[in-house]
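Mapped onto mature numbering (1 follows the signal peptide of the UniProt record, and there is no 0), the consecutive letters of the sequence shown carry residue numbers -32 to -1, 1 to 477.
Below you'll find the structure, written out as structure tokens, and then a few comments.
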Amino acid sequence: MKMRGMMQRSNGLFSRIITLFLIPLIVVVVDGFNEEGGDHKMRLELVHRHDARVLGEVDQVEAIKGFLQRDNIRRQRMNQRLYGNDDNNNNHYDKRRKEWETLESQPQMAMHSGRDYGLGEYFVEVKVGTPGQSFWLAADTGSEFTWLNCARVNGSKSGGVHRQHRGRARSRNRRRTRPRARSNNVNDPCNGVFCPHRSASFEPVTCSSEKCKVDLSDLFSLTQCPKPSDPCLYDISYADGSSAKGFFGTDTIALSLTNGKEGKLHNLTIGCTQSMQNGVAFTQDTGGILGLGYAKDHFVDKAALQYGAKFTYCLVDHLAHKNVSSYLTIGGQLKVNLLSEIKRTELVLLAPFYGVNVLGISIGDKMLNIPPQIWDFNAQGGAIIDSGTTLTALVTAAYDPVFDALSKSLTNVKRVTGDFGVMEFCFEAEGFDVSVVPRLVFHFAGGSRLEPPVKSYIIDVAPEIKCIGIVAIKGKSGASVIGNIMQQDHLWEFDLAQNTVGFAPSACT
């Protein structure tokens, strides 16, 4: 198997990597999973971040700027975690970690530098705790860690982490999470944020536990432990300056089942974020993340064991009317109308990422001249399917021939310049004939082909303005990313028992 040599690397490497991202790839054991989830499956509505129920609508151009910035940060983090090839960034976080550990006057909530998680573009509503508290969380296949905004309340189950900061004052830019109103009681500290002390099923993870020291070390749990009963802490930090700090715990998450009832996942590892600093990656209005990346004892693992080792989603056009929804189903297949049969290829589990073996890209039935090592994970290449990245991004050796082939078909359009970030080719949509654009096809191992519609790579970015919606990853190596716009209008099925990913065109209804 192509990945065998890479995936059999010693897990002992983890003990030598104390930088922000993890280098080795992990073999994922799924022998205990059931093929199907029985009569009932979990079904969640996927809502775009600019839906009024989440962060609200914004100007289309501003939305484009936002996701371009988030995508850039996210791609850097994914490649650093896969291959650990950003020495400058790693040195920065090593230094920051050392500063936190050696600062004598640091308050008891002092936390070490943690690893990055980029927030996705699609959100789901879940209930957390007993009784359940409702939140909108970003559905993210690029991270395994589920975390929520939490209230800071004295005397809660989390122990010392809820005590007010002492010692060195906090930075003026670092503020407590601003809750969004959920009730008429504006003085309620639990208004719009998770309150673990009100959940009968919440249990903090202690810093002295094996779970904190070993299992959560991959999430950069705190190495110091002043008292055995103190909570296990984390710090999420982004290159854009945003950050979130909190503590680990376990609790129950409830979601809707296809039979109309409510299903629950018990003892799920979650993060309780108590302080946050705004940035591009997330703001204080962000509810948190539902991590759909694979890792032991996290959401997908728990749900797979209970409902079946398969999850599917179908993303409608991001410009579709707001009353048209996308859905995520865990266990079995999402029931939507397919325009052709499902095609499958090998799923490469690079915990927490989902990789695929790409053989090449063709445009207009002509296979492009892309070096095969670009798609080889063993050569620090490969391709990842990621719901949290908006635009598809290709390393330079793959991007250049794709861009050249597409731009040659657009010689008769009127090019425009504007603040469209790293998108190199934008033009006036008036008079544009979609039929002149050749079809782009991803060729996967086993012979399956992904043939997205033209609107998935010639995208609308502003009124009457279109761009080639594929961007370059600078450098000679790195993993390319198939983003959510390229995935739109398709059903996607991730089968963790069979190690396959399937896809088929669909209107997602």
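Just so you know, even glycine gets a beta-carbon here, dropped at the ideal spot from N, CA and C.
Just so it is clear, the structure is predicted and the values come from calculations on it, not from any experiment.
Using DSSP bridges, identify the partner residues of residue i.
{"i": "Trp460", "result": "Tyr281, Phe471"}
{"i": "Tyr202", "result": "Gly214"}
{"i": "Val96", "result": "Gln101, Ile221"}
{"i": "Pro172", "result": "Gly217"}
{"i": "His234", "result": "Paired residue(s): none; His234 is not in a bridge."}
{"i": "Ala361", "result": "Val439, Val449"}
{"i": "Asp428", "result": "Lys434"}
{"i": "Gly300", "result": "Paired residue(s): none; Gly300 is not in a bridge."}
{"i": "Gly239", "result": "Trp115, Phe216"}
{"i": "Lys334", "result": "Ile331"}
{"i": "Tyr415", "result": "According to the sequence provided, residue 415 is Gly. The question's Tyr does not apply to it. According to DSSP, Gly415 bridges with nothing at all."}
Distance check for residue j and residue i, CA to CA, integer angstroms please.
{"i": "Leu307", "j": "Ala475", "result": "8 Å"}
{"i": "Val402", "j": "Ser167", "result": "54 Å"}
{"i": "Pro473", "j": "Gln301", "result": "14 Å"}
{"i": "Val284", "j": "Cys118", "result": "31 Å"}
{"i": "Glu177", "j": "Pro199", "result": "The residue asked about is misnamed: residue 177 is Ser in this sequence, not Glu. Near 9 Å, if we compare the C-alpha coordinates of Pro199 and Ser177."}
{"i": "Arg407", "j": "Gly386", "result": "26 Å"}
{"i": "Val381", "j": "Cys435", "result": "11 Å"}
{"i": "Pro99", "j": "Ile298", "result": "23 Å"}
{"i": "Leu236", "j": "Asp203", "result": "19 Å"}
{"i": "Val324", "j": "Pro431", "result": "35 Å"}
{"i": "Tyr275", "j": "Phe400", "result": "47 Å"}
{"i": "Phe103", "j": "Thr220", "result": "13 Å"}
{"i": "residue 494", "j": "Val268", "result": "Absent from the model: residue 494. The displayed extent of the chain is -32 to 477, so no value can be given."}
{"i": "Ala106", "j": "Gly414", "result": "32 Å"}
{"i": "Asp344", "j": "Asn155", "result": "55 Å"}
{"i": "Lys376", "j": "Leu50", "result": "34 Å"}
{"i": "Val326", "j": "Pro340", "result": "9 Å"}
Determine the DSSP secondary structure at residue i, reduced to helix, strand or coil.
{"i": "Thr114", "result": "strand"}
{"i": "Tyr262", "result": "coil"}
{"i": "Lys423", "result": "helix"}
{"i": "Asp84", "result": "Note that Asp84 has pLDDT 26, beneath the 50 cutoff, so the model's placement of it is unreliable and no number is given."}
{"i": "Asp387", "result": "coil"}
{"i": "Phe393", "result": "coil"}
{"i": "residue 479", "result": "Summary: the structure shown does not reach residue 479, with the chain confined to residues -32 through 477, and so no result is reported for it."}
{"i": "Glu398", "result": "coil"}
{"i": "residue 504", "result": "The shown model of the chain, from -32 to 477, leaves out residue 504, and the question about it has no answer."}
{"i": "Ser294", "result": "strand"}
{"i": "Ala106", "result": "strand"}
{"i": "Cys158", "result": "coil"}
{"i": "Ile257", "result": "strand"}
{"i": "Gln341", "result": "helix"}
{"i": "Ser307", "result": "It is worth fixing the name first, because residue 307 is Leu in this sequence and not Ser. It is coil, neither helix nor strand."}
{"i": "Leu50", "result": "helix"}
Please tell me whether residue i and residue j are closer than 8 Å, where the distance is taken between their beta carbons.
{"i": "Gln192", "j": "Lys213", "result": "no"}
{"i": "Trp115", "j": "Ile310", "result": "no"}
{"i": "Ser111", "j": "Gly349", "result": "no"}
{"i": "Ile453", "j": "Thr358", "result": "yes"}
{"i": "Thr313", "j": "Lys9", "result": "no"}
{"i": "Tyr295", "j": "Leu14", "result": "yes"}
{"i": "Lys181", "j": "Val173", "result": "no"}
{"i": "Ser355", "j": "His411", "result": "no"}
{"i": "Phe393", "j": "Arg383", "result": "yes"}
{"i": "Pro157", "j": "Gly217", "result": "no"}
{"i": "Phe113", "j": "Ile338", "result": "no"}
{"i": "Thr468", "j": "Leu315", "result": "yes"}
{"i": "Gln456", "j": "Ser424", "result": "yes"}
{"i": "Ala361", "j": "Gly451", "result": "yes"}
{"i": "Gly231", "j": "Phe162", "result": "no"}
{"i": "Ile433", "j": "Glu396", "result": "yes"}
{"i": "Ala277", "j": "Leu464", "result": "yes"}
Tell me the residue span of the alpha helix (DSSP H) that contains residue i.
{"i": "Ile453", "result": "452 to 455"}
{"i": "Leu374", "result": "364 to 376"}
{"i": "Ala447", "result": "Where Ala447 is concerned, there is no enclosing alpha helix (DSSP H), given that its DSSP letter is neither H nor E."}
{"i": "Cys180", "result": "178 to 181"}
Could you tell me the boundaries of the beta strand (DSSP E) in which residue i lies?
{"i": "Cys435", "result": "433 to 436"}
{"i": "Glu314", "result": "311 to 318"}
{"i": "Val268", "result": "Unbroken run through Val268 is the alpha helix (DSSP H), 267 to 275; no beta strand (DSSP E)."}
{"i": "Ala351", "result": "351 to 353"}
{"i": "Leu408", "result": "408 to 412"}
{"i": "Leu327", "result": "326 to 331"}
Let me see if you follow: with CB-CB separation under 8 Å, is residue i close to chain D or not?
{"i": "Thr468", "result": "The structure shown contains no chain D, having only a single protein chain."}
Between residue i and the ligand NAD, is there a pair consisting of the residue's CB and a ligand heavy atom that are separated by less than 7 Å?
{"i": "Thr385", "result": "In terms of ligand content, the structure shown is empty, and the ligand NAD therefore cannot be addressed."}
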